[in-house]
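Okay, structure first, notes after.
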């Protein structure tokens, strides 16, 4: 502990030494730096408060110091969208007490769905990207992603569709619901191969709303009879049929331009 200092503040590397006269017989001085725990960058304008009501605000370099009544004291830091940790210090009168504070940026949740602009049908397996976080939509086009608080751009891509994005303000520990996207289909069926077929269960009954996709991004949902239609790029394609409550099935097909192919699927539970 250091007592009886006077003059100006001094900062050397990460060591902050407030030079305050410690003449109050009932108080000590708490000082230190406030930093982001992930980036280690100093955090200005953070409110530092003690349970005896004394408070201060961190400076541009993240440093702070303030007078606190002697005794066992709880010191808290408050910054928007950051966790608010508490520290307990035993404060001695006329002494300096060092306390560096590390705050963690909170995350928020984004929830929504992705649909086809022309018919409002859900787009499954659409890619959702936001910073370092990513996810895909479910079979019903729904998605949920957790990202750090702040101003973030969310990107949405899906095979056969024009990519889109949106700028969002994410608040820590809050949910942004109904962040929905309508994607515009890229309509270029010329110079492709056409694949049609039916998706049934193991008893031969057509499955309604089964999802049939190609590895080039083309997809369709079956109608009430279980029928589907795809226009796919030439090459060795892999087709997959998916239906809720059934095992997936994949088949390979060599596709040539302007040729028509028939591929049926039989899914088992």
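Numbering (my numbering), first residue to last: 32 to 300. Quick reminder that beta carbons are idealized off the backbone N, C-alpha and C, glycines included.
As for any beta strand (DSSP E) of minimum length 3 sitting wholly inside the segment 95-176, the runs are 102-109, 117-122, 127-129, 132-134, 138-147, 158-161 and 164-167, ordered along the chain.
For the pair residue 130 and residue 121, the CB atoms are not nearer than the 8 Å cut-off.
The residue from 95, 287, 116 and 281 with its alpha-carbon nearest to that of residue 295 is 281. Judged by DSSP in its simplified three-state form, residue 265 adopts coil rather than helix or strand. When DSSP assignments are scanned along the segment 67-99, the uninterrupted stretches of beta strand (DSSP E) that are 3 or more residues long and fall wholly within it turn out to be 78-81 and 86-88. Going by C-alpha positions, residue 232 is about 5 Å away from residue 298. Nearest neighbour of residue 114 by Cα position, chosen from 204, 75 and 269, turns out to be 204.
Only residues of its own chain outside the window of five on either side were considered, and among them 64, 65, 66, 73, 74 and 75 have a CB closer than 7 Å to the CB of residue 93, listed in chain order. Between residue 143 and residue 202, the CB-CB gap reaches or exceeds 8 Å. Bounds of the beta strand (DSSP E) holding residue 201 are 195-201. Below 8 Å, enough C-beta pairs join the segment 257-277 and the segment 230-249 to call them touching: three or more. Annotation: the continuous beta strand (DSSP E) that includes residue 244 extends over 242-245. By the CB criterion at 8 Å, residue 176 and residue 159 fall inside the cutoff. The beta carbon of residue 209 lies closer than 8 Å to those of 142 and 143 in the same chain, with the five residues before and after it left out.
Taking C-beta atoms as the reference points, residue 123 and residue 91 fail to come closer than 8 Å. Residue environment analysis places residue 193 among the exposed positions, since fewer than 16 neighbouring C-beta atoms fall within 10 angstroms of its C-beta. Under the DSSP definition of a beta bridge, residue 213 partners with 146. Close CB contacts of residue 222 within its chain, under the 8 Å cut and outside five residues either way in sequence, are with 265, 288 and 289 (chain order). Excluding five sequence positions before and after residue 190, the CB atoms of its chain that fall closer than 6 Å to its own CB belong to 248, given in chain order.
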